[in-house]
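Below: one structure, written as structure tokens.
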Ligand SMILES: C[S@@+](CC[C@H](N)C(=O)[O-])C[C@H]1O[C@@H](n2cnc3c(N)ncnc32)[C@H](O)[C@@H]1O
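Residue numbers (the working numbering): 404 to 702.
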């Protein structure tokens with residue numbers, strides 16, 4: 404074989420692996436470029452879209468996202484339950500004559516399921532804060548609420564727990580909860596939650612507030628209902644978490660603690676973690692971590 408031919412054959416042998424390497428590098432570059440930007444204090448390059456934190460006129464830009472509802476003076480802790488009964492339930496406990504006959508057969512005596520609902524963070528914070536009012540934003544079947552009831556009992560605290568949830572779950576949640584019944588499109592989540600609270604003998608220390616988190620948190624602020632401990636665990640996308648955290652912080656008593664789930668779980672890094680990080684940065688607060696939970700102490 405001639406020298407020229409030999410070189411050509413050797414080159415052709417090399418071509419295949421080189422093509423693989425080029426393809427690999429190309430795919431990696433594409434993936435890198437399409438990954439979400441991480442906030443960084445350095446100024447954006449002129450061609451990149453700046454992140455919220457990088458905007459030069461940050462305070463002005465963030466004004467659009469600020470919650471500005473004016474909160475009333477705080478209602479004393481011992482009046483919180485009656486205030487909610489009066490303003491949400493026509494002064495009558497929703498647990499009276501519960502369950503209504505048309506759902507009795509559709510409920511289970513107890514059907515509880517939660518996520519990180521028994522985490523050590525609950526005990527740490529309840530022992531530390533000794534809360535008179537706890538506001539839970541995102542309750543589902545009441546797993547974490549019941550855990551908090553048990554802890555406050557253990558510590559002999561007179562605590563009222565307000566459970567904010569639209570009690571709709573999320574679209575398609577029944578795929579994972581096939582045993583839960585539906586009547587005319589109502590997934591009976593609030594009734595099953597109430598049944599769970601009744602089974603835990605906790606109807607005097609827990610109240611559901613069955614509306615969307617944004618509207619409830621704004622109302623609690625205008626009614627002067629503040630929490631010593633507020634758990635945020637409702638919508639996990641950035642916008643929901645950002646809105647809930649901002650609204651919840653307004654109704655946190657001085658010395659109180661705001662906390663929430665999914666700082667580390669697979670459910671996040673897209674929504675909750677970014678919202679908590681941005682919130683803490685904007686308000687100059689420290690984020691503490693406790694298991695899968697994030698914790699922020701009031702300033
Ligand atoms: C992860 S679950 C809460 C679990 C509960 N904290 C536990 O650990 O037992 C989330 C709940 O948030 C509620 N939720 C989601 N978005 C909401 C919104 N915008 N307003 C009110 N509730 C909402 C859902 O109905 C669902 O019950």
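Positions of the beta carbon are idealized from the N, C-alpha and C atoms, including for glycine.
- A straight line joining the alpha-carbon of residue 624 with that of residue 495 spans about 22 Å.
- One thing to note: residue 694 has its Cβ no nearer than 7 Å to the Cβ of residue 541.
- Closest in alpha carbon position to residue 538, among 687, 517 and 652, is 652.
- At least 7 Å separates the beta-carbon of residue 629 from that of residue 479.
- Annotation: residue 654 is outside any beta strand (DSSP E) and is labelled neither H nor E by DSSP.
- Here residue 575 is not bridged, per DSSP, to any residue.
- Contact between residue 610 and residue 565 holds: CB atoms are separated by about 6 Å, below the 8 Å threshold.
- Closest in C-alpha terms to residue 554, from the list 585, 617, 524 and 586, comes 524.
- When rounded, the separation of the alpha-carbon atoms in residue 500 and residue 607 is 14 Å.
- Annotation: the continuous beta strand (DSSP E) that includes residue 566 extends over 563-567.
- Taking C-beta atoms as the reference points, residue 591 and residue 584 count as a pair closer than 7 Å.
- With respect to the 7 Å criterion, residue 544 and residue 513 are not classified as neighbours on the basis of their beta carbons.
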